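A.B. asks: If you're matching positions, the sequence shown starts at 2 in the working numbering and goes up one per residue. Every residue, glycine too, gets a C-beta built ideally from N, C-alpha and C. A quick note: this is a predicted structure, and the numbers were derived from the prediction, not measured.
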Amino acid sequence: MATAAHQVTPEEASANPPPEAVVVRFAGDSGDGMQLTGGQFTLSTALAGNDLATFPDFPAEIRAPQGTLFGVSAFQINFGSAAIETAGDAPDVLVAMNPAALKTNVGDLKPGGLIIADEGEFNKRNLDKAKYAANPLEDGSLAKWQLLKLNISQLTLDAVKPFGLGNKEALRCKNMWTLGLALWMFDRERGPLIDWLKTKFAKAPELAEANIAALNAGHAYGETAELGALGIAQVHVPAAPVEPGLYRTVTGAEAISMGLVAGAQLAGLPMFFGGYPITPASAILHYLSRLKEFGVTTFQAEDEIAAIASALGASYAGQLGVTSSSGPGIALKGEAMGLAIMTELPLIIVNSQRGGPSTGLPTKTEQSDLYQAVYGRNGDAPMPVIATRSAADCFDVAIEAVRIATQYMTPVMILTDGYIANAAEPWKVPDMSGYAPFPVTFKTDAPGEGEKFMPYARDEKLARPWVKPGTPGLLHRIGGIEKQVGTGNLDYSADNHQAMTNVRRDKVAGISVPDQVIEQGAPDGKLVVVGWGSTYGPITQAVRRARRKGLDVSHIHIRHIWPMPGNLGDLLKGYEKVLVPEMNTGQLKTVLRDQFLVDARPLNKVSGQPFRIHIRPSTPKDWETDQEVRWCPGCGDYAILKAVQRTMPEIGATPENTVFVSGIGCSSRFPYYMETYGFHTIHGRAPAVATGVKLANPDLDVWIITGDGDGLSIGGNHTMHLLRRNLDCQILLFNNEIYGLTKGQYSPTSREGTRSPSTPFGSVDHPAKPCAFALGSGARFIARGIDVNKNLPSVLKAAHAHKGAAFVEIFQNCIVYNADVFASFVDKANAGHQLWVEHGKPLVFAGGTKGLALDVERLTLKVVDIVDGDVSGVVVHDQTNRALAHMLVEMPFGPFPMALGVIYDDPAPTFESAVVAQNRAASEGKVADLQKLVSKGQTWQVDKEPREA
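1. Looking only at its chain, what residues have a beta carbon closer than 6 Å to the beta carbon of V877, apart from the 5 residues adjacent to it on each side?
2. Please classify A125 as buried or exposed, where buried requires at least 16 neighbouring CB atoms within 10 angstroms.
3. Compare the beta carbon distance of L371 and N51 with 9 Å and say whether it is the shorter of the two.
4. If you draw a straight line from the C-alpha of F295 to the C-alpha of L270, how long is it?
5. Using DSSP's beta-bridge definition, name the partner residues of K927.
6. Jot down the residue ranges of each uninterrupted beta strand (DSSP E) in the segment 833–900, minimum 3 residues, whole runs only, in chain order.
7. Rounded C-beta distance between F56 and Y537? I'm assuming under 8 Å.
8. Under 8 Å: do the segment 333–344 and the segment 369–388 share three or more Cβ pairs, one atom per stretch?
9. From V251 to L733, what distance separates their C-alpha atoms?
10. When the Cα atoms are used, what is the spatial distance from S936 to V943?
11. Using a Cβ-Cβ cutoff of less than 6 Å, which residues in the same chain neighbour T541 once the five nearest sequence positions on both sides are dropped?
12. In the DSSP output, which residue or residues are listed as bridge partners for W428?
13. Give the DSSP bridge partners of K484, in chain order.
14. So what does DSSP say about P20, is it helix, strand or coil?
15. Apart from the five residues just before and just after R972, which ones in its own chain have a Cβ nearer than 8 Å to its Cβ?
16. Taking F774 as part of the alpha helix (DSSP H), name the residues at either end of that continuous run.
17. Within the continuous alpha helix (DSSP H) that includes S154, where are the two ends?
18. Measuring straight from C-alpha to C-alpha, what distance separates H220 and L228?
19. Could you tell me which whole alpha helix (DSSP H) segments of length 4 or greater appear in the segment 704–772?
20. Quick one: what's got a C-beta closer than 7 Å to A654's C-beta in the same chain, skipping five residues either side?
21. What ranges does the beta strand (DSSP E) occupy inside the segment 262–325, keeping only unbroken runs of at least 3 residues that lie completely in it?
22. Can you check the segment 571–620 for any alpha helix (DSSP H) of at least 4 residues that lies completely inside it and give the ranges in chain order?
23. According to DSSP, is K508 part of a helix, a strand, or is it coil?
24. Considering only residues of the segment 335–401, which uninterrupted beta strand (DSSP E) runs meet the minimum length of 3 residues and lie entirely inside it, listed in chain order?
25. What does DSSP give as the partner residue(s) for N79 in the beta ladder?
26. Classify L934 as helix, strand or coil using the three-state DSSP reduction.
27. Who does W533 pair with in a DSSP beta bridge?
28. Between which residues of its own chain and H561 is the CB-CB distance below 7 Å, once the five residues before and five after are set aside?
29. So what does DSSP say about G693, is it helix, strand or coil?
30. Return the first residue and the last residue of the alpha helix (DSSP H) that V827 is part of.
31. Run the CB neighbour count on P896, radius 10 Å, all protein chains shown included, and call it buried at 16 or more, exposed below.
32. Is the CB-CB distance between S82 and A240 below 9 Å?
33. In the DSSP output, what is I787 paired with across the bridge?
34. Would you list, in sequence order, the uninterrupted beta strand (DSSP E) runs of no fewer than 3 residues that lie entirely inside the segment 618–642?
35. Going by Cα to Cα distance, which pick from N737, G181, C730 is closest to G223?
36. Does the Cβ of G763 have 16 or more other Cβ atoms within 10 Å, making it buried, or fewer, making it exposed?
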């Protein structure tokens with residue numbers, strides 16, 4: 002016998018705090034009522050005070066064959082005690098009404114998540130349809146999840162048996178049994194749902210009672226079954242903090258319909274809606290058809306063209322003409338949209354986007370009609386385009402569209418999509434008294450005697466007058482043939498067409514669009530994520546998470562797609578990188594590049610599903626490869642590798658945009674150990690190869706790894722030329738003063754007297770000083786670090802932040818051939834000989850007891866003692882002072898300390914930017930005619946074949 006559910010004690014509640022959010026997905030056949038189940042669970046969740054977002058996902062078929070994989074219908078809801086922006090990624094709970102529902106959805110379930118399965122439907126026939134070789138409820142394949150298998154079908158039949166329903170009718174109640182269990186599981190009230198069932202089945206009370214009985218039976222099962230023994234407990238998700246007011250749930254289709262009605266009322270116009278059935282836009286026609294009392298006339302036309310043409314006719318007659326469709330229907334309406342632009346009549350076109358092209362994916366969402374909205378008409382035919390970001394946002398967007406259409410006498414397109422149209426969310430019912438009216442003023446005053454009415458005269462907005470047919474004294478004609486400026490007469494002349502094209506363009510360009518706001522973050526920084534439409538929720542959530550992790554990320558979401566906000570271009574140029582996530586192949590990205598010349602980068606998805614939030618900050622481990630690291634045990638290369646891998650996440654680098662280039666030597670294996678693009682080149686040639694990489698793709702983040710032999714001997718000329726050219730890259734020169742890989746020969750940086758296999762009596766070469774060499778070559782950034790020092794990552798970050806060639810010398814002992822070469826300042830006992838320079842701070846070392854002052858007579862530096870902390874005579878480091886940098890890198894170690902850190906940093910224009918600018922300027926206005934190219938020079942024509950001898 003089942004027992005009552007365990008009552009949670011205060012101690013247990015403290016140990017197991019309620020979740021902040023829960024994601025539940027209901028899945029089954031199209032005939033299992035999953036959309037209705039999800040909708041009613043949504044209502045109960047809203048009444049419980051949770052914030053929420055939903056995602057209905059159903060097949061294109063009206064009623065697909067039962068049990069098939071392609072016929073699965075699902076409804077997902079994400080609800081919680083804090084702000085909810087999306088329908089969630091991975092569900093916590095999956096309700097699977099049959100094997101097909103399980104198979105198509107279980108892969109999304111979180112590890113440890115709960116599966117509630119109707120085992121009564123897991124028969125051989127349904128298992129075969131779902132392509133299961135064995136019953137997954139029995140074979141252990143679901144072991145990583147919690148499994149609650151119930152014969153919901155039989156439990157439902159038992160619950161409704163007293164009502165005498167046939168087997169088919171009775172089984173239709175099993176969604177209510179399932180919903181009852183879900184209401185118990187999440188501590189929801191049944192009362193509102195019972196009232197709804199009584200209303201829905203008012204004409205068939207026995208069906209109402211049967212469904213109520215099934216609902217109560219499911220709830221009672223949760224109360225009485227010993228589910229706690231299975232680790233399943235009732236979950237209470239606290240209400241979300243919301244501002245006081247009246248709330249309701251609303252779908253995008255409902256909100257856009259109400260917004261259109263509100264806009265018409267604010268404009269003082271009756272509304273005419275011409276539509277044709279198409280998924281997912283039909284819901285707007287259905288909703289508006291019930292609102293006759295608001296002055297709404299709905300007309301289901303014979304096709305898409307008739308729908309828009311009738312709406313345009315209504316606008317001509319003095320009403321607010323509205324039409325809606327999805328991608329294929331919008332394509333058919335294209336010519337009539339051009340007519341609306343030419344006649345300059347107000348018209349609202351709602352595009353509920355779906356997967357394309359052609360018929361495409363009728364019930365799946367996409368954002369692939371942006372090009373169509375902005376550019377998709379013949380001729381120069383500009384039209385304002387506004388995009389909705391959520392279901393609730395649709396209301397205000399629709400009002401804004403009506404305002405623009407009527408104030409500027411233009412058609413306006415609203416871009417929404419299938420996800421927004423069908424998804425529901427809580428909506429604070431607006432106070433309509435807070436919306437300022439924008440009444441339309443029809444022209445009624447006839448011109449004076451001897452004057453003619455000018456139908457294409459312009460006001461300050463460049464809008465022409467709107468005259469209802471039937472108005473005395475204002476007879477005029479409009480149409481699709483080009484109109485004469487002012488008069489509206491037919492006019493094919495070149496000058497007139499230019500003038501009218503310009504004025505139509507200028508009118509749309511001059512529409513008053515609010516300045517773009519920043520949703521999250523700062524007006525400048527490393528990265529801005531730019532979105533439009535229904536990507537708002539995923540982007541908001543992803544950026545919020547990233548900012549909590551300390552990442553420099555901002556979010557801009559564009560409502561006005563055309564014309565764009567006037568400040569948008571300047572905003573975008575304040576960020577180092579612009580990322581544009583879209584459910585298309587990069588359409589907004591292309592428009593942003595076209596309009597503002599910013600290097601917007603795409604993040605695209607065209608799967609028919611909304612974006613999910615899998616974004617997380619990278620960690621040093623993400624930059625490790627599966628390649629075994631092969632250096633001598635204890636080699637400093639290990640420490641440098643770890644420092645670089647630690648630095649990458651902190652600078653916001655991305656592996657796919659990063660390239661490591663190396664030459665030959667111990668350090669040259671570095672690219673193999675970095676999870677990025679890598680190029681292991683030949684001896685000394687890494688700078689030359691890197692130059693080609695950067696010139697071919699200036700957006701890549703290029704790092705050069707070299708050593709004192711590779712970079713200053715055989716490769717010294719390439720290093721010099723890269724530095725003087727100022728290629729934007731980082732050069733890390735590992736200096737161990739020896740050729741390690743070739744068994745210990747002396748190198749260009751080896752000190753005089755160095756004994757090696759090639760200099761057994763000691764080197765007589767004067768050594769190169771890498772930083773002095775770099776300065777002499779024209780480098781604009783010089784820094785030094787130590788392989789094992791904790792400050793190395795900060796040096797690397799400074800080098801990366803520098804725009805131009807950044808040269809970093811890293812001191813590193815070769816434990817085999819030159820083990821203690823830097824012990825005099827690297828060893829802990831000798832750390833007092835290190836001078837870590839910092840911009841704007843005195844040059845002090847030895848624990849603050851010594852400093853560097855200027856020897857005025859010799860114009861060089863000198864070491865001075867610091868007494869009682871008095872640093873008044875000590876030089877303050879200025880990293881932009883090239884002369885000071887020379888003194889710091891040339892001062893001899895011993896009498897002087899070893900200068901470390903950022904010694905010189907004074908950016909200048911980069912080489913690749915100059916090359917790109919020159920190429921662009923040289924190509925401007927020129928056509929790349931290949932035939933013309935090959936025909937240059939002295940040519941001659943042979944008209945006849947030579948005679949045979």
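C.D. replies: Based on what the coordinates show:
1. P843
2. Reading off the sequence, residue 125 comes out as Lys, not Ala. The residue in question, K125, is exposed, as its Cβ has fewer than 16 Cβ neighbours within 10 Å.
3. no
4. 10 Å
5. BP columns for K927 are empty, so no partner.
6. 835–838, 851–856, 861–866
7. Not confirmed; about 14 Å, so no contact.
8. yes
9. 58 Å
10. 14 Å
11. E86
12. R249
13. L491
14. coil
15. Coverage of the chain is limited to positions 2 through 950, which leaves residue 972 absent and any answer about it impossible.
16. 771–777
17. 153–161
18. 13 Å
19. 717–726
20. D702
21. 272–276, 297–301
22. 588–597
23. helix
24. 348–354, 386–388
25. V24, A54
26. helix
27. I559
28. I387, V514
29. helix
30. 824–827
31. exposed
32. yes
33. F812
34. none
35. G181
36. exposed
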